[in-house]
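**Student:** Going by this note's numbering, the sequence shown opens with residue 26, and the numbers climb by one from there.
All C-beta atoms in this analysis are idealised placements derived from N, C-alpha and C, irrespective of residue type, glycine included.
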Amino acid sequence: MNNPKISGCAIADILMIDITDYGGPSSGTRRRIKYLAENGYSIYSIICQPKHNPTILPCSKNIHYKYLSDFYTKFPLFLTVFPYICYIFYLTIYLNKKHNVKVFHVHGIYDGLACCVAKLVVNISVHITLHGPPSYEILHCNSKKIELRWRFFVYFLKLIEMFVFRYSDNLMAVSEFEKYFVQQYFPRRKVTIIRNGIDINEYKPNRSNHEKIPYNRKIITFVGRLVEKNGPFILLQSIPIVVNKFKNAHFVFVGEGELENDLKKYVYDNNLNEFVTFLGGRHDIKEILNASDIFSSHCSSLVEGIGNNVIEALSCGLPCVVGKDSITQSIFKNHEDAILVDKDKPKEVASGLLYLLYNENESFKIARSARNLAIKEFSLDSQMKKLITTLCI
């Protein structure tokens, strides 16, 4: 649905996370609200209470923060979801009446439901950005068997998703994966891909050492949540093959998640401690990437396309080894912009890594092409201009 352009309007940006945390949605939100504020928009950012480093929150007279109660994150989701939806509904009405906010950009299905219902009461437009549909995430991000109660909850989530997909003014997706998810239910529904754009002047090649990373080794880095769909175990299982042929390789895993202990146990059981470093969650991602030689991620068949982590690595001029699917094949030219490998196959991942380790000239060419691709396709400025056009502001 097209809306008339609203100049210099107030925008509510609702995301049920702590944006001082790690990960693409957090960093993407910080960049987005900062960019919009610098371009004259009043931003009402509704987020969880910061628990990490509040100093990284963008500050501007145009940015107004509203922190959600810890109640919504302390208890199981199926217990808090209804009061949360009611609260966001109230907040939507309040922001519209009190501050004349007419544009609501939301990043979750529950927020979307509240705002879509509020549209029946007040004159607002609701724009949804999908960061991984929750019904899919619950079923595929958890390596353990899903309890029966959660399966009922997933069915409930799908009903909410169908409502939101149908009645929001605009649907946006951070990757092709979310777009395809929506269009399997609504084939004719327009979904605009707007990625978490990268500040290419911040994430740029600037090779340097990092205190936590061996400086005299060839560093292969993984950044992301340590969950099944991101494929950290697939990369981990490639390590014995790689180090057997290239002793100077060292693997760095950045992130937290439910697989962390299992990954560390695998390293210990297979005597790989000297070849692997776990850094946990970090905010100095660009420094870690610039201390690395190769990046690898998204080698699991549980996910398609690329995430914010891959885009950041491309922007820093790192050659990347990623899983091959219809989306990555449309983004990358194999062996020119990245190395594409068959998914779920540690031997294939190892082969791609060894190719880059043994062919430095080819690795350099791919790294240079990766940087150019990031500038052309994934810059913050290009993605934000697309967002402003889509929001009709």
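Apart from the five residues on each side of it in sequence, which residues of its chain come closer than 6 Å, Cβ to Cβ, to residue 302?
**Tutor:** 277
**Student:** With DSSP as the reference, please indicate the residues paired to residue 243 in a beta bridge.
**Tutor:** Residue 243 is bridged to 274.
**Student:** Using a 10 Å radius around the Cβ and a threshold of 16 neighbouring Cβ atoms, would you call residue 222 buried or exposed?
**Tutor:** buried
**Student:** Specify the secondary structure class of residue 238 as computed by DSSP and reduced to three states.
**Tutor:** coil
**Student:** If you drop the 5 nearest sequence neighbours on each side, which residues of the same chain put their C-beta closer than 7 Å to that of residue 21?
**Tutor:** The structure shown has nothing for residue 21, since the chain only spans 26 to 418.
**Student:** Does the separation of the CB atoms of residue 284 and residue 312 fall below 8 Å?
**Tutor:** no
**Student:** Can residue 203 and residue 155 be called in contact, C-beta distance under 8 Å?
**Tutor:** yes
**Student:** Run through the DSSP bridge pairs and tell me what residue 389 is partnered with.
**Tutor:** DSSP lists no partner for residue 389.
**Student:** Could you say which of 392, 122, 325, 211 lies nearest to residue 263 if we only look at CA atoms?
**Tutor:** It is 325.
**Student:** Which of the three DSSP states, helix, strand or coil, is assigned to residue 398?
**Tutor:** helix
**Student:** In whole angstroms, give me the CA-to-CA distance for residue 345 and residue 401.
**Tutor:** 17 Å
**Student:** Going by C-alpha distance, which of 292, 364, 354 is nearest residue 343?
**Tutor:** 364
**Student:** Near residue 49, which residues of its chain fall below 8 Å by C-beta distance, leaving aside the five closest residues on each side in sequence?
**Tutor:** Closer than 8 Å at Cβ, skipping near neighbours: 156, 199, 221, 332, 333, 334.
**Student:** Thinking just about the alpha-carbon of each residue, which of 104, 132, 121 is nearest to the one in residue 143?
**Tutor:** Taking residue 143 as reference, the option from 104, 132, 121 with the minimal CA-CA separation is 121.
**Student:** Got a sec? Which residues, its chain only, sit under 7 Å from residue 305 by beta carbon, not counting five neighbours each side?
**Tutor:** 281
**Student:** What is the DSSP secondary structure of residue 184, reduced to helix, strand or coil?
**Tutor:** Residue state, collapsed to three classes: helix.
**Student:** Determine the DSSP secondary structure at residue 332, reduced to helix, strand or coil.
**Tutor:** If DSSP states are grouped into helix, strand and coil, residue 332 belongs with coil.
**Student:** Can you grab the Cα-Cα spacing for the pair residue 440 / residue 125, in whole Å?
**Tutor:** The structure shown does not extend to residue 440, since the chain spans only 26 to 418, so no value can be given for it.
**Student:** Going by the beta-carbon positions, is the gap between residue 106 and residue 39 smaller than 8 Å?
**Tutor:** no
**Student:** Can you list, in chain order, the residues of its chain with a C-beta nearer than 6 Å to that of residue 60? Leave out the 5 residues immediately preceding and following it.
**Tutor:** 409
**Student:** Identify the continuous alpha helix (DSSP H) that holds residue 413 and give its terminal residues.
**Tutor:** Going by DSSP, residue 413 is part of the alpha helix (DSSP H) stretching over 405-416.
**Student:** Can you give me the start and stop residues for the beta strand (DSSP E) that residue 346 sits inside?
**Tutor:** 345-348
**Student:** Do residue 206 and residue 158 have their C-beta atoms within less than 8 Å of each other?
**Tutor:** Yes, they are a contact pair.
**Student:** Can you pull the DSSP bridge partners for residue 197?
**Tutor:** 154, 217
**Student:** Can you list, in chain order, the residues of its chain with a C-beta nearer than 6 Å to that of residue 388? Leave out the 5 residues immediately preceding and following it.
**Tutor:** 344, 381
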